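For the sequence shown, the numbering used here puts the final residue at 840, and the numbers step up evenly by one. Built from N, CA and C at the ideal position, the CB exists for glycine as well. Note that the structure is a prediction, hence the values are computed from the model and not measured.
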Amino acid sequence: MLNVIIFGAPGSGKGTQSEKIVAKYGINHISTGDVLRGEIKKGTKLGETAQGYINQGQLIPDSLMIDILASKFDSFKDSKGVIFDGFPRTIAQAEALKVMLKERGQEVSIMLNLDVPEDELMTRLIKRGEESGRADDNAETIAKRLKVYHNQTAPLIDWYKKENLFVAINGLGSMDTIAADLFKAIDNL
Ligand code: B4P
652 MLNVIIFGAP GSGKGTQSEK IVAKYGINHI STGDVLRGEI KKGTKLGETA QGYINQGQLI
712 PDSLMIDILA SKFDSFKDSK GVIFDGFPRT IAQAEALKVM LKERGQEVSI MLNLDVPEDE
772 LMTRLIKRGE ESGRADDNAE TIAKRLKVYH NQTAPLIDWY KKENLFVAIN GLGSMDTIAA
832 DLFKAIDNL
C-alpha cells in the first residue's frame, strides 16, 4: 500500500493537492479537517466538541483524533493506499499512526512537506474565508492556528527526518507545478 502523509501549515494546500494525488494514484483520502467539519454539519456530539476547538484555532485532543483516524482507515476495503491530509499534527499522533499502521502490517511510505511562506498562507486563508465563510478562516483565528502549527505541528518535520521519510516540496506556484513535484517524489519511491 502507498501511505502518503501530506504535511504543511494551515493553507499550505494539503487539501488541494490531496485531491490531485487521489485522482492520479487511485488511493483513499483521509482529511481529518473534512471529517470534523462533516460531524459539525451533522450536529453530532463529536461535531459539537470539535467546533469549540476549531473556532478557537486549537487542535482537537489527540485521543479523539487517533480513534477517528483508525476507524476511517479500517473502513476502506481493498485499498491501494491512503493519503493522510491534516494528520498527524502532533508528535503523539505521529507515534500513534506508526503503531496503528504496524498493527495492520503497514507503514508510512513518504511524508511530503508543502513549504509556503507565512504571508502567503495568511493571504490564501483570508481569501478562502471570504469565499467559503469557514468560521476559522479569519485573521484572528488564522494567527492562532499558525502559532499552534509552529508549537505543536512543525516539530514533526524533524521527527519524520529521523524516520527518513521527509521530502520538502515548494508549495508556492501554480497548483499543477506543485502537483508535478509531488508526483515526482512519489514516483521515486
Ligand atoms: P484542515 O481542514 O486540515 O485545514 P487547513 O490546514 O487549514 O488547510 P489546507 O492546508 O488543507 O489548505 P487548502 O488546500 O484547503 O484543519 C482545520 C482544523 O481542523 C484545524 O485548525 C484543527 O482545529 C482541526 N484538525 C484537523 N485535523 C486535526 C488533527 N489531526 N488533530 C487535531 N485537530 C485537527 O488550501 C487553502 C486555500 O489555499 C484554498 O482556498 C486553496 O484554494 C488555496 N490554494 C491552495 N493551493 C494554492 C496555490 N498553489 N496557490 C494559491 N492558492 C492556493
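Check, Outcome
"Given a threshold of 16 other Cβ atoms within 10 Å of its Cβ, counted over all protein chains shown, does K728 qualify as buried or as exposed?", "exposed"
"Where does A786 sit, in a helix, a strand or coil, going by DSSP?", "coil"
"Rounded to a whole number of angstroms, what is the C-alpha to C-alpha distance between K835 and G698?", "37 angstroms"
"Is there contact here, the region 698-707 with the region 781-792, by at least three beta-carbon pairs under 8 angstroms?", "yes"
"For N593, which residues of its own chain have a beta-carbon under 6 angstroms away from its beta-carbon, when the five flanking residues on both sides are left out?", "Given a span of 652 to 840 for the chain in the structure shown, any question on residue 593 remains unanswerable."
"Would you check if there are 3 or more beta carbon pairs closer than 8 angstroms linking the region 760-778 to the region 653-673?", "yes"
"For the alpha helix (DSSP H) holding V750, just list the boundary residues, first then last.", "742-754"
"Going by beta-carbon coordinates alone, are M751 and L715 separated by less than 9 angstroms?", "no"
"Between which residues of its own chain and L748 is the CB-CB distance below 6 angstroms, once the five residues before and five after are set aside?", "P739"
"Excluding the 5 residues flanking Q744 on each side, which residues of the same chain have their C-beta closer than 7 angstroms to its C-beta?", "D713, M716, I717, F738"
"Should I672 be counted as a contact of the ligand B4P given a C-beta to heavy atom distance under 8 angstroms?", "no"
"Given 8 angstroms as the limit, tell me if I684 has its C-beta closer than that to any heavy atom belonging to the ligand B4P.", "Here residue 684 is Gly; the residue named in the question, Ile, does not match the sequence. Yes, since a heavy atom of the ligand B4P falls inside the 8 angstroms radius drawn around the Cβ of G684."
"Here's a check: name, in chain order, each residue in its chain whose Cβ is nearer than 7 angstroms to the Cβ of D736, leaving out the five neighbours to either side.", "I657, K665, G666, S669, H680, I681, S682"
"For V767, which of helix, strand or coil comes out of DSSP?", "coil"
"Which residue from V686, I691, Q757, E758 puts its Cα closest to that of K723?", "V686"
"How big is the Cα-Cα spacing for D832 and L816?", "16 angstroms"
"Which whole-angstrom value is the C-beta distance of V673 and I761, which I expect to be below 8 angstroms?", "15 angstroms between Cβ atoms; not a contact."
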